[in-house]
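S.K.:
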Amino acid sequence: MKLSEYFLPTLREDPAEAEAVSHRLMLRAGMIRKLASGIYSWLPMGLRTLRRVENIVREEMDRAGALEVLLPLVQPAELWKETGRWDNFGKELLRFKDRKEHDFCLGPTHEEVITDLVRREVRSYRDLPLILYQIAPKFRDEIRPRFGVMRAREFLMKDAYSFDADEEGLNRSYEAMYEAYQRIFSRCGLRFRAVLADTGAIGGSESHEFMVLAETGEDRLALCEACGYAANVELAESKKEFSYPEEKERPLEKVATPGVKSVEEVAAFLGVPPSKLVKTLLFRAGGEVVAVLIRGDLELNEVKLRNLLGVPEVEMADAETVKRVTGAPVGFAGPVALSGVRILADLSVRGLRNFVTGANEADAHLVNVNYGRDFPEPEFYDLRVVSEGDPCPRCGRPLAVTRGIEVGHIFKLGTKYSEAMRATFLDREGKERPLVMGCYGIGIGRTVAAAIEQNHDHAGIIFPREIAPFEALILTLGPEAELMEISERIYHTLNSSGVETLWDDRDERPGVKFKDADLIGIPFQIIVGRRFKETGRVEVKERSTGQREDLLPEEVVKRLQGSA
RNA sequence: CGGGGCGUAGCGCAGUCUGGCAGCGCACCUGCCUUGGGAGCAGGGGGUCGGCGGUUCAAAUCCGCCCGCCCCGACCA
Numbered sequence: 034m035k036l037s038e039y040f041l042p043t044l045r046e047d048p049a050e051a052e053a054v055s056h057r058l059m060l061r062a063g064m065i066r067k068l069a070s071g072i073y074s075w076l077p078m079g080l081r082t083l084r085r086v087e088n089i090v091r092e093e094m095d096r097a098g099a100l101e102v103l104l105p106l107v108q109p110a111e112l113w114k115e116t117g118r119w120d121n122f123g124k125e126l127l128r129f130k131d132r133k134e135h136d137f138c139l140g141p142t143h144e145e146v147i148t149d150l151v152r153r154e155v156r157s158y159r160d161l162p163l164i165l166y167q168i169a170p171k172f173r174d175e176i177r178p179r180f181g182v183m184r185a186r187e188f189l190m191k192d193a194y195s196f197d198a199d200e201e202g203l204n205r206s207y208e209a210m211y212e213a214y215q216r217i218f219s220r221c222g223l224r225f226r227a228v229l230a231d232t233g234a235i236g237g238s239e240s241h242e243f244m245v246l247a248e249t250g251e252d253r254l255a256l257c258e259a260c261g262y263a264a265n266v267e268l269a270e271s272k273k274e275f276s277y278p279e280e281k282e283r284p285l286e287k288v289a290t291p292g293v294k295s296v297e298e299v300a301a302f303l304g305v306p307p308s309k310l311v312k313t314l315l316f317r318a319g320g321e322v323v324a325v326l327i328r329g330d331l332e333l334n335e336v337k338l339r340n341l342l343g344v345p346e347v348e349m350a351d352a353e354t355v356k357r358v359t360g361a362p363v364g365f366a367g368p369v370a371l372s373g374v375r376i377l378a379d380l381s382v383r384g385l386r387n388f389v390t391g392a393n394e395a396d397a398h399l400v401n402v403n404y405g406r407d408f409p410e411p412e413f414y415d416l417r418v419v420s421e422g423d424p425c426p427r428c429g430r431p432l433a434v435t436r437g438i439e440v441g442h443i444f445k446l447g448t449k450y451s452e453a454m455r456a457t458f459l460d461r462e463g464k465e466r467p468l469v470m471g472c473y474g475i476g477i478g479r480t481v482a483a484a485i486e487q488n489h490d491h492a493g494i495i496f497p498r499e500i501a502p503f504e505a506l507i508l509t510l511g512p513e514a515e516l517m518e519i520s521e522r523i524y525h526t527l528n529s530s531g532v533e534t535l536w537d538d539r540d541e542r543p544g545v546k547f548k549d550a551d552l553i554g555i556p557f558q559i560i561v562g563r564r565f566k567e568t569g570r571v572e573v574k575e576r577s578t579g580q581r582e583d584l585l586p587e588e589v590v591k592r593l594q595g596s597a
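In our numbering, the protein residues as written are 34 to 597.
Listed below in structure tokens is the structure:
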């Protein structure tokens, strides 16, 4: 393509609406434009990148034996009622009525549709295993869309579903998808890790997330260099032993702490370390309110709490509930004389003596609190978020905590959906059994954003070669016929040799072309300018390293093909 | 949904406190000039100041309601 005939609206300045690096760069590089909150158009340069990722995904899915389908975005409520998700999926599910007043929704995921399809067509174990996938838009009415296409409401996703006769079959399908994912993200040129993950709302027994490592990631990962253990921090088990020196129980005392609420404030006010405080956190879980105790300097893990309680959701109690349960405003809750709620405690509290808690009254805390004496000994569980340096749950060596962007997630679903929707087959003995399912997602647009998040510098994007919109960009630094002619020759030679090349033939000054070239991140820049007039050589600059080589025009093709 | 912030030309912003001609830079159009890191000169086009209502001789500016967007938290590919 000639840039003079292309559609590449680059921005010189950062758009005010974008904070995240990838979001900023995608807007500036003319890859995307926003239509509404969380809803984006992909422009030619962005779409080419998206397609590169999509094609890698497609190739690897096909290689793994999965079959491509295309499922409807608009789905009837009836299917969702069968699994119960019409009522409990939450507001992310955008529901609406058609002209005949029938309920429909925009598909946020396609378990229902695919299960419906398969139950109609698959009867026998002979039809199994079956893995179907699609690459198609999804819609989730996210509470807060963020970071451009990273967390959009409408987004392109690859979702695959496996159907097997039994658990072993599921394990094989899961393994095949796991391998495919490894290949996909490697081919995309990304630094990533597969980590153990919580199954969340989708449900199921086992799950891995594929995380692109980036400081700006929204998830935290616990990694062990020694044994390879890798888990989302949400479910990484804490093996840290808490032991405290023997200490005599001192008399309980109430102290006035006017307006002093947060752990930091209370610790500073009383002149004790935050580790001498015990936070009392109130949660709504199912119908009940539970109080959770954890040492002041540690972080509670809501996923562990949710799984422990066996409820689909826990949420922090609102101010009104806190007031009703404790009799005090938020910030002064404590376990002493707290009645009517179940009290759980993190293991970090076991053995702790003479600690500080809220007094369940405004502007007051208790010091020298001891469980067993001042309130009944609570149930102790592992409820904290692991932190850097904690012992690895598998080998005991210190864990590292790092950040990642979730680009893929695979689940063993089991028979959750097949049972709810009566998707069954006849086994070898002629017995009817539910299909054993798995599901496997990849955020295509998010992968593009994550790649940029991981590969950029102050000047712009540095695309990994495998997903770059073009491989080479010719910059012609002047209008002279001599330069245009040689540029055009290189342009045709490259494109006809299979090196996808964009030619900046615009009537722009060199500075503009250099800036745009660095911004859009095409791996190789072929610079045709003064140097050519002087020496008959053009310059090939590698975007990722900044290295430049002077080559004769006829050497360029070989150079670019050679480094493939 | 809770907390914070923003809405003025395509983009980035000033002007709002203290009401009085709607501005600046970039981009865009024309001409000249220029061509190795976002040139220069001259001329030019472009605005329901987010919307509706109110106060006032007069509203971008004050008041009320509404809408949109961004950032921080709970959700997810």
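Glycine residues also receive a C-beta, built at the ideal position from the N, C-alpha and C atoms. All values reported here derive from a predicted model rather than from experimental measurement.
How about V382 and I327: do their beta carbons lie closer than 8 Å?
M.R.: Their beta carbons are under 8 Å apart, which means V382 touches I327 by this criterion.
S.K.: Do W75 and L68 have their CB atoms nearer than 8 Å?
M.R.: Cβ distance not < 8 Å, so W75 and L68 don't count as in contact.
S.K.: Measuring CB to CB, does V311 end up less than 8 Å from F408?
M.R.: The answer is no: Cβ separation not under 8 Å.
S.K.: DSSP three-state label for P178, please.
M.R.: Coil at P178, not helix or strand.
S.K.: How many whole angstroms separate the CB atoms of I559 and V589, which I take to be in contact at a CB cut-off of 8 Å?
M.R.: Right, their Cβ atoms sit about 6 Å apart.
S.K.: Tell me where the alpha helix (DSSP H) around V336 begins and ends.
M.R.: Start and end: 335-342.
S.K.: Tell me which same chain residues have a C-beta within less than 6 Å of the C-beta of G79, skipping the five on either side of it?
M.R.: Excluding residues within five positions, the ones whose Cβ falls inside 6 Å are M64, I65.
S.K.: When the Cα atoms are used, what is the spatial distance from P77 to A483?
M.R.: Those two C-alpha atoms are separated by around 19 Å.
S.K.: What is the C-beta distance between L341 and Y414, in whole angstroms, given that I count them as a contact (C-beta under 8 Å)?
M.R.: With 8 Å as the limit, L341 and Y414 qualify as a contact, their Cβ atoms being about 6 Å apart.
S.K.: In or out: H143 buried (at least 16 other Cβ within 10 Å) or exposed?
M.R.: H143 comes out buried.
S.K.: Have a look at T354, L161, L189, E93 and flag the residue whose alpha-carbon is nearest the alpha-carbon of L599.
M.R.: Residue 599 lies beyond the range of the chain shown here (34 to 597); nothing can be said about it.
S.K.: With a floor of 4 residues, list each alpha helix (DSSP H) that falls wholly inside the segment 337-387, ordered by position along the chain.
M.R.: Entirely contained in the segment 337-387, the alpha helix (DSSP H) runs reaching 4 residues are, in chain order, 352-359.
S.K.: Could you give the uninterrupted runs of the beta strand (DSSP E) lying entirely in the segment 206-271, keeping only those of 3 residues or more?
M.R.: Here the runs fully enclosed are 225-229, 239-246, 252-256, 263-265.
S.K.: I want to know whether the segment 367-381 touches the segment 410-429 - three or more CB-CB distances under 8 Å.
M.R.: The segment 367-381 vs the segment 410-429: in contact.
S.K.: Count Cβ pairs between the segment 258-267 and the segment 221-233 that sit closer than 8 Å; are there 3 or more?
M.R.: With a cut-off of 8 Å, the segment 221-233 and the segment 258-267 count as touching, because enough Cβ pairs lie within range.
S.K.: Does the Cβ of F13 have 16 or more other Cβ atoms within 10 Å, making it buried, or fewer, making it exposed?
M.R.: The question about residue 13 has no answer, for the chain in this structure spans 34 to 597.
S.K.: Nearest-angstrom Cα distance between E175 and K124?
M.R.: Cα to Cα, the separation comes out at about 8 Å.
S.K.: Where do the ends of the beta strand (DSSP E) carrying M78 lie?
M.R.: Not the beta strand (DSSP E): M78 falls in the alpha helix (DSSP H), residues 77-96.
S.K.: Between which residues of its own chain and V355 is the CB-CB distance below 6 Å, once the five residues before and five after are set aside?
M.R.: L315, V363.
S.K.: CB E332 to CB R417, shorter than 8 Å?
M.R.: The answer is yes: Cβ separation under 8 Å.
S.K.: State the DSSP-derived secondary structure class of P543, mapped to helix, strand or coil.
M.R.: Helix.
S.K.: Can you give me the Cβ contacts of V293 inside the same chain, cut-off strictly under 6 Å, excluding the 5 residues immediately before and after it?
M.R.: V299, F302.
S.K.: Tell me H399's beta-bridge partners as DSSP assigns them.
M.R.: As written in the sequence, residue 399 is Leu, which differs from the His given in the question. K287, T390.
S.K.: Does the segment 493-513 come into contact with the segment 212-228, if we say contact requires no fewer than three beta-carbon pairs (one atom in each stretch) closer than 8 Å?
M.R.: As far as the Cβ criterion goes, the segment 493-513 touches the segment 212-228, which means the pair count is three or higher.
S.K.: Where does the unbroken beta strand (DSSP E) through R128 begin, and where does it stop?
M.R.: Residues 128-130.
S.K.: Leaving out the 5 sequence neighbours to the left and right, which residues in its chain are closer than 7 Å to G493 when beta-carbon positions are compared?
M.R.: Contacts found: L58, A62, D551, L552, I553, G554.
S.K.: Name the two residues that bound the continuous beta strand (DSSP E) containing V299.
M.R.: Counting along the chain, V299 falls outside any beta strand (DSSP E), though it belongs to the alpha helix (DSSP H) covering 296-303.
S.K.: Count the other CB atoms within 10 Å of the CB of D95; is the residue buried (16 or more) or exposed (fewer)?
M.R.: The residue in question, D95, is exposed, as its Cβ has fewer than 16 Cβ neighbours within 10 Å.
S.K.: Can you check whether the CB of H56 is closer than 8 Å to the CB of G181?
M.R.: In this structure, H56 lies closer than 8 Å to G181 by Cβ.
S.K.: In whole angstroms, give me the CA-to-CA distance for P345 and G319.
M.R.: Between P345 and G319, the C-alpha separation is close to 8 Å.
S.K.: Which whole-angstrom value describes the C-beta separation of D11 and T509, a residue pair presumed to lie in contact below a C-beta threshold of 8 Å?
M.R.: The structure shown does not extend to residue 11, since the chain is modelled only from 34 to 597, so the question has no answer here.
S.K.: Would you check if the distance between the CB atom of M470 and the CB atom of D149 is smaller than 8 Å?
M.R.: The answer is no: Cβ separation not under 8 Å.
S.K.: State yes or no: is the C-beta of K309 within less than 8 Å of the C-beta of A397?
M.R.: It is not a contact, given that the beta carbons lie outside the stated cut-off.
S.K.: From A21 to S530, what does the alpha carbon distance come to, in whole angstroms?
M.R.: As shown, the chain starts at 34 and ends at 597. That puts residue 21 outside it, with no answer to give.
S.K.: Taking G579 and K191 to be in contact with their CB atoms under 8 Å, please state how far apart those CB atoms are, rounded to whole angstroms.
M.R.: At roughly 34 Å, the Cβ-Cβ gap does not stay under 8 Å, so G579 and K191 are not in contact.
S.K.: In the DSSP output, what is F196 paired with across the bridge?
M.R.: Partner(s): L163, M470.
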